[in-house]
Amino acid sequence: MMILDVMKYEVNRYNSFMGRWPLNYITLKDLAKNGFFHLLSEDCVQCAFCSIIIDDWNVGDTPLKKHNSTSLSGQAKYPMMAEVNYIQRLPTYKDWPLIMLSPRQLSECGLFYTDKKDIVTCFYCGGSLGNWELNDDPWVEHEKYFPDCGYLNLVKCHRNPKQHSTHHNLEEEKTSSTHSLTQSEMIRHVCNIFPSSLVQI
41 MMILDVMKYE
51 VNRYNSFMGR
61 WPLNYITLKD
71 LAKNGFFHLL
81 SEDCVQCAFC
91 SIIIDDWNVG
101 DTPLKKHNST
111 SLSGQAKYPM
121 MAEVNYIQRL
131 PTYKDWPLIM
141 LSPRQLSECG
151 LFYTDKKDIV
161 TCFYCGGSLG
171 NWELNDDPWV
181 EHEKYFPDCG
191 YLNLVKCHRN
201 PKQHSTHHNL
211 EEEKTSSTHS
221 LTQSEMIRHV
231 CNIFPSSLVQ
241 I
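So that you can map any letter, position 114 of the sequence shown is 154 in the working numbering, and since no number is skipped, the others follow by simple counting.
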């Protein structure tokens with residue numbers, strides 16, 4: 041599990057492919073940007089956010105499409121709503137009663153309308169949310185009540201690039217000696233797998 045924490049940083053994911061990635065039709069940049077790092081075995085990669093392992097890439101595959109089709113369709117509670125681009129969920133909001141939250145915003149968050157009051161349900165985890173207030177953010181509420189939702193983990197790196205930036209604030213790490221110890225253990229573990237010149241903190 042520690043390697044996943046280190047690979048939350050795009051620069052580390054990118055570096056894991058250096059000199060090892062065998063396919064020229066899928067770029068290292070696209071793989072790293074979409075959450076993948078190389079498992080040092082042929083074309084086998086793993087997502088640092090949802091832990092899914094993918095291999096057997098074909099010409100025409102893109103990291104995002106392959107990730108979505110592999111991780112979402114088989115595990116979704118409501119597979120008929122499993123369109124990551126939100127289009128399939130949008131029509132469920134035909135009679136949506138609230139103007140403060142747009143159907144598009146809710147759909148992008150993985151939610152579809154149930155036609156009951158203001159209750160929406162996540163296509164992936166099956167969690168339902170309702171009783172919306174004026175300043176509620178669907179992403180925040182979804183994560184607050186259903187933090188283990190696989191869809192949220194999948195899109196997290198695309199929604200908040202600051203959170204997963206390539207730079208790491210070492211001052212934040214010094215605030216907790218336990219956290220520093222854990223971080224150094226992680227780095228040691230990853231350096232045993234990858235050359236230390238490829239791992240950045």
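Positions of the beta carbon are idealized from the N, C-alpha and C atoms, including for glycine.
Item                                                                                                      : Value
For Val51 and Leu169, the rounded distance between their alpha carbons                                    : 36 Å
Supposed contact pair Phe76 and Pro103 - C-beta distance, whole angstroms, cut 8 Å                        : 6 Å
Classification of Pro131 by the beta-carbon crowding that lies within 10 angstroms, buried from 16 upward : exposed
Alpha helix (DSSP H) runs wholly inside the region 135-170, at least 4 long, in chain order               : 143-148
Three-state class that DSSP yields for Ile93 in the structure shown                                       : strand
Supposed contact pair Tyr164 and Tyr126 - C-beta distance, whole angstroms, cut 8 Å                       : That belief does not hold up - the Cβ atoms of Tyr126 and Tyr164 are roughly 13 Å apart, past 8 Å.
Beta carbon of Leu146 nearer than 8 Å to that of Pro187                                                   : no
Cβ-Cβ separation, Asp95 to Cys87 (assumed contact under 8 Å), whole Å                                     : Not confirmed; about 13 Å, so no contact.
Distance between Tyr54 and Ser205 (C-alpha atoms, nearest Å)                                              : Bear in mind that a pLDDT of 36 at Ser205, under 50, signals an unreliable position, so the number given afterwards is only what the model happens to contain. If I take the Cα positions, the gap works out to 12 Å.
Simplified DSSP state of Phe76, which is helix, strand or coil                                            : strand
Cβ shell of Arg60 (< 8 Å), same chain only, five flanking positions each side left out                    : His78 and Leu80
Coarse secondary structure for Val85, derived from DSSP in three states                                   : strand
Start-to-end residues for the alpha helix (DSSP H) that takes in Phe57                                    : Glu50 to Phe57
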